[in-house]
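S.K.: So in the numbering used here, spot 175 of the sequence shown is number 217, and the numbers just go up one at a time.
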Amino acid sequence: MPAPTRVLLGDPLIAPRREALAGLLGSEFALTVPEDFGKPALAAAAQEADVLLAHAAPSPVLEAAPRLQLFQLWIAGVDHLDFPLLRRLGLPVASAHENARTVAEIALAHVLACGRGLALGDRKLRAGDWSVGRFKAAPGHVTYGKSVGILGYGAIGRAFAALARGFSYRLLATRRHPEPGGAGREGLAFLGGPESLPRVLADSDFVIVTLPRTPETVGLLDEAHLRTMKPTAWLIVVGRMEVVDEEALYRACREGWIAGAGIDVWTRTPPPAPRLPSAHPFHELDNVVMTPHCGGWTQEAISAQMGFLADNLRRFRRGAPLRGLVDLELGY
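1. Report yes if the CB atom of V190 is closer than 7 Å to the CB atom of F248, and no otherwise.
2. Quick one: residues in its chain with C-beta nearer than 8 Å to the C-beta of C295, no 5 flanking neighbours on either side, listed in chain order?
3. Here's the rule: buried if 16 or more other CB atoms are within 10 angstroms of the residue's CB, otherwise exposed. What is G208?
4. Could you pull the start and end residues of the beta strand (DSSP E) that F113 belongs to?
5. Going by C-alpha distance, which of L55, R218, V49, S345 is nearest A87?
6. Give a yes or no on contact between the stretch 130-146 and the stretch 155-162, applying the rule of three or more CB pairs nearer than 8 Å.
7. What residues match up with A2 in a beta bridge as DSSP calls it?
8. Answer with buried or exposed for V279, where buried requires no fewer than 16 other C-beta atoms within 10 angstroms of its C-beta.
9. Helix or strand or just coil, what does DSSP make of F79?
10. Would you say Q347 and E221 are within 7 Å of each other, going by their C-beta atoms?
11. Report yes if the CB atom of Q111 is closer than 7 Å to the CB atom of D92, and no otherwise.
12. Just verifying my parser: in three-state terms, what is the DSSP assignment at R269?
13. Could you say if the stretch 62-76 and the stretch 100-108 meet the contact criterion of at least three C-beta pairs nearer than 8 Å?
14. With distances taken between CB atoms, is the gap from D369 to T333 smaller than 7 Å?
15. Pop quiz: S320 and E288 are said to be a contact at Cβ under 8 Å. What is the actual Cβ separation, rounded to whole angstroms?
16. Measuring CA to CA, which of E70, V184, I117 is closest to T274?
17. Would you call the CB atoms of W299 and R269 closer than 7 Å?
18. Whose C-alpha, out of Y195, R357, A201, G226, is nearest the C-alpha of P254?
19. If you draw a straight line from the alpha carbon of A203 to that of L213, how long is it in whole angstroms?
20. What do you get for Y186, buried or exposed, if any count of 16 or more other CB atoms within 10 angstroms of its CB means buried?
21. Going by CA-CA distance only, name the one from E70, S173, I198 that's closest to I250.
22. Based on DSSP bridge pairs, tell me the residues matched to F71.
23. Pick out the complete alpha helix (DSSP H) segments inside the stretch 180-267, 4 residues or longer, and give them in chain order.
24. In terms of residue numbering, what span does the beta strand (DSSP E) encompassing I305 cover?
25. Where does L277 land, buried or exposed, given buried means 16+ other C-beta within 10 angstroms?
26. What first and last residue would you give for the beta strand (DSSP E) that runs through V330?
27. Indicate the three-state DSSP secondary structure (helix, strand or coil) for I56 in the structure shown.
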């Protein structure tokens with residue numbers, strides 16, 4: 043009987059799900075957790091692992107793992123990985139994309155919250171202020187039928203488009219390599235390549251940023267691009283904040299270049315980093331809706347994620363094509 047596949051659960055966030063994952067996988071897999079998650083203990087445990095299951099891995103850990111045949115992430119984002127090292131090691135990397143619908147849902151929630159002024163109305167009413175709403179100035183606009191641009195028409199972009207059709211949004215999108223005739227097949231008003239970014243920005247009432255962070259996308263939405271948007275348009279950021287010039291976005295919201303923003307992803311991380319998510323005081327602006335990078339984190343997404351990981355590990359064991367393989371050259 044073949045030896046079990048040895049899977050190292052290599053960070054403290056996935057380790058508590060050992061029993062749940064073991065129940066899905068069965069006796070063909072041996073799941074281990076290191077004594078602690080410091081580099082020495084991780085490196086020692088990795089020496090016997092066939093698969094590393096984690097959201098990240100220090101370089102010394104990867105270099106100390108001669109048996110390692112797969113680095114399986116339990117998250118979708120890969121922009122934090124050491125791609126030069128992974129290319130040198132020739133180590134396959136797979137990510138988990140089972141949260142695309144969940145992220146798309148929070149993008150839609152931000153569209154509605156921004157467009158209808160929900161966050162501002164909530165804040166004011168909690169203070170006994172009825173200055174927006176039925177009896178005073180209308181806090182927002184109907185979003186139904188508006189033009190929505192999707193920057194990055196991948197898994198999240200497609201999931202958003204599926205949700206958005208119930209609102210009759212006119213959908214425009216960009217992706218790295220659009221296929222001829224793709225707009226019609228996808229039910230989009232427009233689908234173009236990166237060169238189409240100014241057109242999509244100028245024509246959209248809401249712009250959804252789902253792009254990953256890569257060398258090509260960092261700082262892509264700079265001041266010039268933000269000034270291309272309508273002054274009545276909203277920017278919704280659910281991919282990576284590094285794609286946007288953060289200072290320029292703050293100024294755009296404060297000075298009225300655009301209507302405002304809905305932001306779920308940030309360049310600052312939770313404690314022990316500063317509690318506020320940005321060096322710029324977005325929290326002082328009434329036209330910004332802020333959420334704490336929770337777009338992909340729901341009970342349903344976690345369950346789907348466990349199913350995805352179990353399926354991919356079984357694929358690995360039998361030599362079948364893996365889902366979510368990362369292109370080590372492109373960085374996503």
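Just so it is clear, CB atoms sit at the ideal spot from N, CA and C, and this is done for glycine as well.
M.R.: Quick answer:
1. Counting from one through the sequence shown, the residue named residue 190 turns up at place 148. Counting from one through the sequence shown, the residue named residue 248 turns up at place 206. Cβ atoms of V190 and F248: closer than 7 Å.
2. On the sequence shown, position 253 is the one that residue 295 refers to. Excluding residues within five positions, the ones whose Cβ falls inside 8 Å are G302, A303, F324, L327, N329, V330.
3. For the purposes of this step, residue 208 is taken as residue 166 along the sequence shown, with counting starting at 1. Counting Cβ neighbours within 10 Å, G208 comes out exposed, since fewer than 16 surround it.
4. The residue labelled residue 113 in the question sits at position 71 within the sequence shown. Residues 112-115.
5. To locate residue 87, count along the sequence shown from 1; it is residue 45. Per the Cα distances, V49.
6. The stretch 130-146 vs the stretch 155-162: no contact.
7. Any answer about residue 2 is impossible in this case: the structure gives the chain only from 43 up to 374.
8. On the sequence shown, residue 279 is found 237 positions in, with the first residue counted as 1. Label assigned to V279: buried.
9. In the sequence shown, counting from the first residue as 1, residue 79 sits at position 37. Coil, per DSSP.
10. Reading the sequence shown from its first residue, position 305 is the one you call residue 347. Reading the sequence shown from its first residue, position 179 is the one you call residue 221. Contact: no.
11. Within the sequence shown, residue 111 is the residue found at index 69, counting from 1. Within the sequence shown, residue 92 is the residue found at index 50, counting from 1. Yes, Cβ-Cβ distance for Q111 and D92 is below 7 Å.
12. One-based indexing of the sequence shown puts residue 269 at position 227. It is coil, neither helix nor strand.
13. no
14. Your numbering for residue 369 matches position 327 in the sequence shown. Your numbering for residue 333 matches position 291 in the sequence shown. Cβ distance not < 7 Å, so D369 and T333 don't count as in contact.
15. The sequence position of residue 320 within the sequence shown is 278, counting from 1. The sequence position of residue 288 within the sequence shown is 246, counting from 1. At roughly 6 Å, the Cβ-Cβ gap stays under 8 Å, so S320 and E288 are in contact.
16. Translated into the one-based positions of the sequence shown, residue 274 becomes position 232. The shortest C-alpha separation from T274 is found at V184.
17. To locate residue 299, count along the sequence shown from 1; it is residue 257. To locate residue 269, count along the sequence shown from 1; it is residue 227. Contact flag set, yes.
18. For the purposes of this step, residue 254 is taken as the residue at position 212 of the sequence shown. The shortest Cα separation from P254 among Y195, R357, A201, G226 belongs to Y195.
19. The residue labelled residue 203 in the question sits at position 161 within the sequence shown. The residue labelled residue 213 in the question sits at position 171 within the sequence shown. Taking the straight line from one Cα to the other gives about 7 Å.
20. Position 144 of the sequence shown, counted from the start, is the residue given in the question as residue 186. So Y186 ends up on the exposed side.
21. The residue labelled residue 250 in the question sits at position 208 within the sequence shown. The candidate whose alpha carbon is nearest that of I250 is I198.
22. In the sequence shown, the residue the question calls residue 71 occupies position 29. Paired residue(s): T47.
23. 197-206, 224-228, 239-245
24. Here residue 305 refers to the residue found at position 263 of the sequence shown. Segment 302-305, the beta strand (DSSP E) holding I305.
25. Looking up residue 277 in the sequence shown gives position 235. Buried: at least 16 other Cβ atoms inside 10 Å.
26. Within the sequence shown, the letter at position 288 stands for residue 330. Counting along the chain, the beta strand (DSSP E) containing V330 begins and ends at 330-332.
27. One-based indexing of the sequence shown puts residue 56 at position 14. Three-state result, I56: coil.
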